[in-house]
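Respectively, the protein sequence lines represent chains A and B.
Residue numbering for the first sequence is 6 to 146, as defined by the working numbering.
Residue numbering for the second sequence is 6 to 146, as defined by the working numbering.
Reading through the structure tokens given below for one structure.
There are 2 protein chains.
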Amino acid sequence: MKSPTELTELFRAQGLKVTPQRQCIFRALHGNDRHPTAEAIHEQVTAEMPTVSLRTVYQTLHDLADMGELVELDLGTGSGRFDPNLEPHQHVVCDGCGRVYDVVVDVSPIRTPRFANGFRVDRTEVVFRGRCRACSAAAGS
Amino acid sequence: MKSPTELTELFRAQGLKVTPQRQCIFRALHGNDRHPTAEAIHEQVTAEMPTVSLRTVYQTLHDLADMGELVELDLGTGSGRFDPNLEPHQHVVCDGCGRVYDVVVDVSPIRTPRFANGFRVDRTEVVFRGRCRACSAAAGS
DNA sequence: TTCCAATTAACAATCATTGAAGATTGGTGC
DNA sequence: GCACCAATCTTCAATGATTGTTAATTGGAA
């Protein structure tokens, strides 16, 4: 994702308004590697601007995703997550607490299958699932 | 997933009751490679037994998943899906219609990363996303 | 046939997300 | 600076998937 300053310019260039709410959301996302949910961003934003609605957060998050500045993730943790990291990378998901971490692994050795039925593969996702140390200890086993 | 007959024995052996509802659900799942949602199974089941509730379908599906006879999938298509195919395989998901297909690809060349933070990886999922022929045509591009 | 724990159906409730509508406000043009 | 209008905001209702609760029903062992 671009920096808040660059996003401001980008929004203006597209005829979109740069509201204080949006700027606050930009800041909450910038450099955020926690794969936040809309709810998480909303909490962070309302700490600074208590009146911002969850609806506005969803709206802006989707706007950014549509512009390609964010990637929306559905990793089966119950709610959508937003990733400002646009570099090629994979995700590690804890089955216990749902936390998501980044990893960079070379997935090029996976040969993309070709399908007789004309399915066109756009992208290959690799997800590593397991338990973080804390959840591993908590769950026993 | 085991056959309906084997599941009947398995349930009895575990002190669980084998009701007509459950047997009907077993049959709906047996050999089903469509990665059905609970809703889809419910439709199939009510065609035969109109009074079976969606709640019962969810319950039985989760019971089977807990017993390891089904794998619950969350592929970001809006609702959970259930896969009776217990062989190692991967999924192909259409971004347009949400349909899910199976593929077998060798994922062994992916080296499971080791983490300094003690994260223990249990399994590696590979998902191919794109569009089936019909959705590809419909979306243009 | 009896009996009880397991199961069921019905219904309310939850959670994440989206739709709608009226009030507010960036920011361009004067 | 000021007016104006489309873009944006908040509020609140609605949706869809899933789960909790409870009272009634029913497998299947004794």
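All residues carry an ideal CB built from backbone N, CA and C; glycine is no exception.
Check your understanding: Beta carbon of A:M6, beta carbon of A:P93: below 8 Å?
Key -> Start at 1 with the first residue of the first sequence, and residue 6 of chain A comes out as number 1. Start at 1 with the first residue of the first sequence, and residue 93 of chain A comes out as number 88. Contact: no.
Review point. Between the segment 118-139 of chain B and chain A, which residues of the former have a C-beta closer than 8 Å to a C-beta of the latter?
Key: P118, F120, N122, G123, F124, R125, V126, D127, R128, T129, E130, V131, V132, F133, R134, G135, R136, C137, R138
Review point. Apart from the five residues just before and just after A:D100, which ones in its own chain have a Cβ nearer than 8 Å to its Cβ?
Key: Locating residue 100 of chain A in the first sequence gives position 95, counting from the first residue. Within the same chain, A:D100 has close Cβ partners R134, G135, R136, C140.
Practice item. Report the neighbours of B:G81 on chain A: residues whose CB is nearer than 7 Å to its CB, in chain order. Key: Residue 81 of chain B sits at position 76 when you count from the first residue of the second sequence. Result: D79.
Check your understanding: With a Cβ-Cβ cutoff of 8 Å, do B:V105 and B:H96 count as a contact?
Key -> In the second sequence, the residue the question calls residue 105 of chain B occupies position 100. In the second sequence, the residue the question calls residue 96 of chain B occupies position 91. For B:V105 and B:H96, yes; Cβs fall inside 8 Å.
Exercise for review: For A:H67, name the three-state secondary structure that DSSP assigns.
Suggested key: Numbered from 1 along the first sequence, position 62 holds the residue referred to as residue 67 of chain A. Looking at A:H67 - three-state DSSP - the assignment turns out to be helix.
Check your understanding: Given a limit of 9 Å on CB to CB distance, which residues of the segment 62-74 of chain B reach chain A?
Key -> none
Practice item. Below 8 Å on the Cβ atoms is my guess for B:T117 versus B:V131; work out the distance and round it to an integer in Å. Key: Locating residue 117 of chain B in the second sequence gives position 112, counting from the first residue. Locating residue 131 of chain B in the second sequence gives position 126, counting from the first residue. With a Cβ gap of about 12 Å, B:T117 and B:V131 do not count as contacting.
Check your understanding: How close, in whole Å, do the beta carbons of B:Q26 and B:T13 come, if the pair is a contact with beta carbons under 8 Å?
Key -> Counting from one through the second sequence, the residue named residue 26 of chain B turns up at place 21. Counting from one through the second sequence, the residue named residue 13 of chain B turns up at place 8. At roughly 13 Å, the Cβ-Cβ gap does not stay under 8 Å, so B:Q26 and B:T13 are not in contact.
**Study point:** C-beta contact flag for A:S151 and A:H35 at 8 Å
**Key:** Within the shown structure, residues of chain A are numbered from 6 to 146, placing residue 151 of chain A beyond reach of any answer.
Review point. Which residues in the same chain have their Cβ closer than 7 Å to the Cβ of B:V62, if we skip the five residues on either side of it in sequence?
Key: Position 57 of the second sequence, counted from the first residue, corresponds to residue 62 of chain B. Closer than 7 Å at the Cβ level, and outside the excluded window around B:V62, lie I30, A43, I46, H47, V50.
**Study point:** Secondary structure of B:E92, DSSP reduced to three states
**Key:** Counted from its first residue, the second sequence places residue 92 of chain B at position 87. Three-state DSSP puts B:E92 in coil, outside helix and strand.
Exercise for review: Over the uninterrupted alpha helix (DSSP H) stretch that includes A:V131, give me the two end residues.
Suggested key: Working through the first sequence from its first residue, we reach residue 131 of chain A at position 126. Counting along the chain, A:V131 falls outside any alpha helix (DSSP H), though it belongs to the beta strand (DSSP E) covering 125-136.
Check your understanding: For a contact meaning CB atoms closer than 9 Å, what does A:P93 contact in chain B?
Key -> Working through the first sequence from its first residue, we reach residue 93 of chain A at position 88. Simply none; closest approach about 14 Å.
Review point. Are the C-beta of B:R86 and some C-beta of chain A separated by less than 8 Å?
Key: Locating residue 86 of chain B in the second sequence gives position 81, where the first residue counts as 1. Cβ-Cβ to chain A under 8 Å: no for B:R86.
Practice item. Could you name each continuous alpha helix (DSSP H) segment of 4 residues or more that falls completely within the segment 32-88 of chain B, going from the start of the chain to the end? Key: Qualifying alpha helix (DSSP H) stretches, in chain order: 43-53, 59-71.
**Study point:** Contact set between A:V97 and chain B, taken where Cβ atoms lie within less than 9 Å
**Key:** Counted from its first residue, the first sequence places residue 97 of chain A at position 92. Correct list: P118, F120, F124, V126.
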